[in-house]
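Asks: Dumping the structure here so I can ask a few things about it.
Residue numbers (full-length UniProt numbering): 1 to 678.
Structure below.
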């Protein structure tokens, strides 16, 4: 019975050897892939990029599976049944050839000798010396490192998937006088599409009929809905809040602004998320010295010393630990609602010494408040507020909400309004207690034939003004101001406590910008900055030796975000800002920013630990080869020990994060910060 079982195993072994040999022959005979770096994919090559990522992931999974199989078979051959070693060697050699081809492509493209040459040489030398389990183990470590990097990129890709809202699958096309449900991919340029309240705009186009208030915050960063009238442009994936419009289609599908932004996000992953940390560069730079030392050891002390030095390069462990550590910290950041789009930004965090904030939309919220009431003639403040609140109480926009909230806070009773006429984007006319009341902008009042006293907007600083008139006579105005983010002051205090220089950068006027900065304790104020000026300011700081983190959310911040060493944006910011930023605060607030800097310090500390554990062990082993003539078994044990210590050290942060209660280290949210009226 035992003889039959052994015979069956031998037949299986022979079949396995034949299969591996055939696959190896096919592998060697295959045409080498052309270097991919010579032509970068365009932004609209989303499917090709996804396919390439999928192919890479499949290849790494196959290599990892073969490495596990090779290690298992060689271990089984050493302990249980010697012939299993032969099949294990076949798996290891098959994988080694693939790694060598990748190293050769790196040399062709980058003219850089990668650490893959050391890894594969050490594996092949181990096999030649009869250390089959050691060779299998070294290859397994290599593929674990590669698989962790691929998993990290895949997770980043998935996290970015929901930033841009997907357009609707169906558009309502106007054909004659009928509305026809049409798949979006069949809508053509020149068609007319109808979009109503609560619907996503399916295409880019021009409004031809109707009026609407559209939330296009993700595209432009505007806090307030954009009022669209005939002749205005609308964009796919924006939301109609009020009204109904007929849109003439100008761009569809991949040509829309939203689709181009989504493609830019994918490109961010493809080109910026390569996770090529200093660990990889350090690892590659050890290749030539390792070969040189090994050759010297071989000449001076023979082949055993050569093998010992080749096996003492623990850079494969460093390539395992560093992306694993990065992946852990990306997960920790995600748990704190911070999306790390570019893993290299974790390395930059610990070097940042200057933080520059955009003002509008970043340090302030989209909500408004009544900062001052300016009565005219014989009217008083309560009367101005009562008339304005009565007219605006049934409106649903930020200005109306601010006026009604002020009336409620002042216990002003609001009379009912009738015959309400709303002029989109300008003002409201209504009857209140038999009187005709107007509230709105200076332009609206002029359109109604109402003469206003001379009033400079500059006296209101950051504020905007809503005029109030009764029976065509102005009775006063309300000055509105944005609400400062409630977490902003505590955040600024934490950043200053870290010794960081804080600046506020704004396109607004000097007086309102300085008022905001003083309210938050920011000493450095830079106002009236155009987008190009913001970029030049970042360049100036860099030229002065500063490492700058820029925090912005508007389309006009994209240049500064690109130029900064570290760029941060918010979840609901303008899409170009999100696309340019290396980190995105997913909860839409600034609360997580200070935690991000703490994570950067911890990540830098862990990277130093990884380098000391792996490269320090390598130096000790090389010295041991020359001085104490230590053998491969001792070196192998040192490799296992250093890798184990590194894994343990890098597991602790994620373990602590998973045990940590979400609110344990959160900054307490204070009340709303008031901006003083000027």
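A virtual CB, placed ideally from N, CA and C, is assigned to each residue, including glycine.
(1) Output needed for residue 641: all residues of its chain with C-beta closer than 8 Å, excluding positions within five of it in sequence on either side, in chain order.
(2) Residue ranges of each beta strand (DSSP E) run of no fewer than 3 residues wholly in the region 525–557, ordered along the chain?
(3) Considering only residues of the UniProt domain "P-type ATPase A" (170–264), which uninterrupted alpha helix (DSSP H) runs meet the minimum length of 4 residues and lie entirely inside it, listed in chain order?
(4) Based on the DSSP output, what are the partners of residue 368 in its beta bridges?
(5) Does the distance from the C-beta atom of residue 363 to that of residue 504 stay below 9 Å?
(6) Rounded to whole angstroms, how far is the Cβ of residue 391 from the Cβ of residue 437, which I believe are closer than 8 Å?
(7) Within the continuous beta strand (DSSP E) that includes residue 423, where are the two ends?
(8) What residue range does the beta strand (DSSP E) around residue 467 cover?
(9) Compute the beta-carbon to beta-carbon distance between residue 603 and residue 346, rounded to the nearest angstrom, for a pair I have assumed lies under 8 Å.
(10) Using a Cβ-Cβ cut-off of 6 Å (strictly less than) and excluding sequence neighbours within five positions of residue 570, which residues of its own chain qualify?
(11) Out of curiosity, what's the CA-to-CA distance linking residue 472 and residue 397?
(12) Please state the DSSP three-state secondary structure of residue 68.
(13) In the DSSP assignment, what residue or residues form a beta bridge with residue 358?
(14) Does the beta-carbon distance from residue 91 to residue 77 come in below 9 Å?
(15) Looking only at its own chain, which residues have a Cβ that is under 8 Å from the Cβ of residue 499, when we skip the five neighbours before and after it?
(16) Based on the DSSP output, what are the partners of residue 325 in its beta bridges?
(17) Is the beta carbon of residue 256 within less than 8 Å of some heavy atom of the ligand GTP?
(18) Report yes if the CB atom of residue 211 is closer than 9 Å to the CB atom of residue 239, and no otherwise.
(19) Going by DSSP, what residue range makes up the beta strand (DSSP E) through residue 382?
(20) Cα-Cα, which of 393, 134, 434 and 382 is closest to residue 412?
(21) Using only the alpha-carbon positions, how far apart do residue 15 and residue 87 sit?
(22) Taking a contact to mean a Cβ-Cβ separation below 9 Å, would you say residue 202 touches residue 230 in this structure?
(23) Taking residue 542 as the reference, which of 525, 104, 566 and 524 has the closest Cα?
(24) Check each candidate in 186, 309, 126 and 465 and name the one with the smallest Cα separation from residue 253.
(25) Could you spell out the range, first to last residue, of the beta strand (DSSP E) harbouring residue 438?
(26) For the beta strand (DSSP E) containing residue 567, list its first residue and its last residue.
(27) Rounded C-beta distance between residue 476 and residue 379? I'm assuming under 8 Å.
(28) Per the DSSP calculation, residue 373 is bridged to which residue(s)?
(29) Using 8 Å as the threshold, is the region 517–534 in touch with the region 483–494, meaning 3 or more CB pairs across them?
(30) In whole angstroms, what separates the C-alpha of residue 509 from that of residue 529?
(31) Roughly how many whole angstroms lie between the Cα atoms of residue 559 and residue 535?
(32) Secondary structure at residue 101, three-state DSSP: helix, strand or coil?
(33) What did DSSP end up calling residue 129 once you bin it into helix, strand or coil?
(34) Hey, could you find the ends of the beta strand (DSSP E) residue 339 is sitting in?
(35) One question on the structure: do residue 516 and residue 484 come within less than 9 Å of each other, judged by their Cβ atoms?
(36) Write down the C-beta distance between residue 680 and residue 414 rounded to the nearest angstrom, noting that I regard them as a contact closer than 8 Å.
Replies: Walking through what the data contain:
(1) 617
(2) 548–551
(3) 217–220
(4) 482
(5) yes
(6) 5 Å
(7) 417–423
(8) 464–470
(9) 5 Å
(10) 553, 585 and 588
(11) 24 Å
(12) helix
(13) 505
(14) no
(15) 353
(16) For residue 325, which the question treats as bridged, DSSP gives no partner whatsoever.
(17) No copy of the ligand GTP appears in this structure; indeed no ligand is present at all.
(18) no
(19) Not the beta strand (DSSP E): residue 382 falls in the alpha helix (DSSP H), residues 381–392.
(20) 382
(21) Note that residue 15 has pLDDT 45, beneath the 50 cutoff, so the model's placement of it is unreliable and the number below is only indicative. So the alpha carbons of these two residues sit roughly 10 Å apart.
(22) no
(23) 566
(24) 186
(25) 435–440
(26) 566–570
(27) 5 Å
(28) 478
(29) yes
(30) 9 Å
(31) 6 Å
(32) helix
(33) coil
(34) 338–340
(35) yes
(36) Residue numbering for the chain in the displayed model covers 1 to 678; residue 680 lies beyond these limits and cannot be assessed.
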